[in-house]
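*Asks:* If you use mature numbering (1 follows the signal peptide of the UniProt record, and there is no 0), the sequence shown corresponds to residues -17 to -1, 1 to 205, in order.
Note that CB positions come from ideal geometry on N, CA and C, so glycine has one too.
Got a structure for you, written out below as structure tokens; questions coming shortly.
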Amino acid sequence: MLPILSGPLMLMIKPLANLFLALLSNQLLQEETHPTGILHHVDCNKYLEVVGSTSLFADPRMKHINLANQVETQMMPFNCQSYIVEFDGASKGNPGPAGAGAVLRAADGRVVCRLREGVGIATNNVAEYRGAILGMKCALKKGFKHIRVQGDSNLVCMQVQGRWKIKSQNLVELNKQAMELKDKFVSFQINHVDREFNSEADALANQGVNLMSGQVQEDWIM
């Protein structure tokens, strides 16, 4: 017969059990994370089975879930209702005929929409900005409030983060547009990724080169 734990001993064991569950939850999250930071095939119910349907932690700093089935650990910067915006730009001549492309994905990696836009005669950096703006506008139009933006233009990412100065005058207005769009989201992140993780947006941007300036094509999957 197992002894019944109570009093001081129970007070010591409970925090250890909570810590174990926290570490187990974080391990599961790490195993579900793609090298680019995108979660693929995330099952919120899977995490709820680990931590329970209500918080197991008395300390609010250790809270891992809420009643809306959203995973909120520090290991995952966005929840299961978040969307991913991948962007890119292309210019044949720099400056030359240019296009912008964007992909909207659900948090599990599923494609929601593919977009391409004709940019006219422009530099590659202008086209990259147009790709980011294209994706952000589309996300807002569909009512998405939590997004993570990513592209292979370090310049766009760093300038939208406010970490790099804008030296080119033709990027000032585009940066202003991107910053205004960013502020309309409840949560927003923008990060640089390597080119190999941005191939679909790149293909869409190259297709956009053949469109008239300002012409936008949207392919909705959902």
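#1: Could you tell me the alpha carbon to alpha carbon distance between residue 203 and residue 125, rounded to whole angstroms?
#2: Taking the alpha-carbon of residue 163 as reference, which of 145, 178, 186 has the nearest alpha-carbon?
#3: Out of 132, 117, 152, which has the shortest C-alpha to C-alpha gap to residue 143?
#4: Report the residue ranges of all beta strand (DSSP E) runs contained in full by the stretch 66 to 152; include only those spanning at least 3 residues, in chain order.
#5: Determine the burial state of residue 119: buried for a count of at least 16 other Cβ atoms within 10 Å of its Cβ, exposed for fewer.
#6: For residue 190, which residues in the same chain have their Cβ closer than 6 angstroms to its Cβ, ignoring the five residues on either side in sequence?
#7: What residue from 137, 123, 78, 129 has the CA that sits closest to residue 71's CA?
#8: Could you spell out the range, first to last residue, of the beta strand (DSSP E) harbouring residue 174?
#9: Relative to the C-alpha of residue 83, which residue among 111, 139, 179 is closest?
#10: Does the stretch 194 to 202 come close enough to the stretch 88 to 105 that 3 or more CB-CB pairs lie under 8 angstroms?
#11: Buried or exposed: where does residue 92 fall if 16 or more other Cβ atoms within 10 Å of its Cβ makes it buried?
*Replies:* Concretely, from the data shown:
#1: Straight-line Cα distance between these residues: approximately 11 angstroms.
#2: 145
#3: 132
#4: 66 to 74, 79 to 89, 94 to 105, 129 to 134
#5: buried
#6: 99
#7: 137
#8: Residue range 170 to 175 is occupied by the beta strand (DSSP E) that includes residue 174.
#9: Checking every option, the nearest Cα to that of residue 83 belongs to 111.
#10: Under the Cβ criterion (8 angstroms, minimum of three pairs), the stretch 88 to 105 counts as touching the stretch 194 to 202.
#11: exposed
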